[in-house]
Amino acid sequence: MNYRQAKVRAEILKAMAHPVRVLIVDALLRGDHCVRELNRLARISQSNVSRHLGVLKKAGIVTDRRQAMKVYYHLETPCILKAFDCAAEVVQADSRRRNDYLKSCVS
334 MNYRQAKVRA EILKAMAHPV RVLIVDALLR GDHCVRELNR LARISQSNVS RHLGVLKKAG
394 IVTDRRQAMK VYYHLETPCI LKAFDCAAEV VQADSRRRND YLKSCVS
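For what it's worth, this note's numbering labels the leading residue of the sequence shown as 334, then goes sequentially.
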């Protein structure tokens with residue numbers, strides 16, 4: 334991997350580095366949604382949802398399509414969720430290490 338490739342990968346990870354964007358990607362895994370639907374799910378303003386979608390779109394994670402008066406968003410790269418699985422494994426491993434450490438302190 335060269336520096337340019339590393340930079341692109343870092344930008345993708347950066348695009349996913351917000352809980353609202355993680356919620357959006359998770360929702361889009363189950364199907365396309367318009368901004369209003371995502372707005373209700375994330376419980377933030379429509380303009381904030383649009384801003385987060387813009388970040389995801391710029392990173393190539395989502396695409397959009399117009400249908401009448403609505404814009405629907407689509408998860409272009411479902412493989413991004415593998416990163417979520419990896420993150421969950423990191424959290425579990427860290428939790429086990431902390432528990433083991435606490436047990437060793439008590440013993």
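From the three backbone atoms N, C-alpha and C, an ideal C-beta is built for every residue, glycine too.
With H, G and I counted as helix, E and B as strand and the rest as coil, what does DSSP make of LYS399? Checking the sequence, you will find Arg at residue 399 rather than Lys. In this structure, ARG399 counts as strand in the three-state DSSP scheme.
What do you reckon, are the CB atoms on VAL395 and LEU408 nearer than 8 Å? yes
Taking DSSP's pairing of strands, which residues face HIS366 in a bridge? Answer is TYR406, bridged to HIS366.
Checking 8 Å against the spacing of the C-beta atoms, do ALA392 and ALA348 come in under that value? yes
Contact check, TYR406 vs HIS351 under 8 Å by CB: the rounded distance? Not really, about 16 Å apart at Cβ, beyond 8 Å.
Please state the DSSP three-state secondary structure of SER378. coil
Just to confirm, are ASN372 and VAL382 a CB contact at a threshold of 8 Å? Between ASN372 and VAL382, the C-beta gap is smaller than 8 Å, which places the two residues in contact.
Other residues of its chain near PRO411: CB distance less than 8 Å, five sequence neighbours each side excluded: LEU362
When we look at the beta-carbon of ARG354 and count the other beta-carbons within 10 Å, is it buried (16 or more) or exposed? buried
Quick one: is VAL341 buried, meaning 16 or more other Cβ sit within 10 Å of its Cβ, or exposed? VAL341 should be labelled exposed.
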